[in-house]
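Colleague: Below is a structure I'd like to ask you about.
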Amino acid sequence: MEGLDVQILGINPASPEDHDRYRAQLGLNFPLLSDRDGQVTARYGALNPDRSVQRSVYIVDREGRIRFAGRGMHWTSEFYDTLASLT
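Mind the numbering: the sequence shown is residues 0 to 86 in numbering that gives the first Met the number 0, read in order.
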């Protein structure tokens with residue numbers, strides 16, 4: 000995403016300490032935010048009825064509109080196509 004005017008964030012219910020370890024382990028260069036009570040996860044439709052989190056990826060434009068929502072692991076090409084359309 001280098002060179003694009005975008006901000007990447009990760010959000011899940013893990014603790015900030017868990018996020019720090021995960022970021023270090025994977026060498027992530029973007030922030031991971033803690034959604035301990037699941038409010039953000041629920042608002043984006045990524046909270047399952049059993050309160051587990053559905054792996055999801057979103058592209059939100061500058062006006063706050065969701066331009067892409069990917070669930071699971073098979074969304075890569077569509078994600079990059081959407082991202083390219085916004086630049």
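By construction, the Cβ of each residue, glycine as well, lies at the ideal position given by its N, Cα and C atoms.
Which of helix, strand or coil does DSSP assign to PHE78?
Modeller: Of the three classes helix, strand and coil, the one that applies to PHE78 here is helix, per DSSP.
Colleague: For ASN28, which option in ILE7, LEU46 and ARG35 has the closest C-alpha, if you only look at C-alpha atoms?
Modeller: When each option's Cα is compared against that of ASN28, the closest is ILE7.
Colleague: Identify whether ARG66 lies in helix, strand or coil by the three-state DSSP scheme.
Modeller: The answer is strand: DSSP assigns ARG66 an E or B state.
Colleague: Considering only the alpha carbon of each residue, which of VAL56, PRO48 and ARG42 lies closest to TRP74?
Modeller: With distances taken between Cα atoms, TRP74 lies closest to VAL56.
Colleague: DSSP on LEU85, reduced to helix/strand/coil?
Modeller: Residue state, collapsed to three classes: coil.
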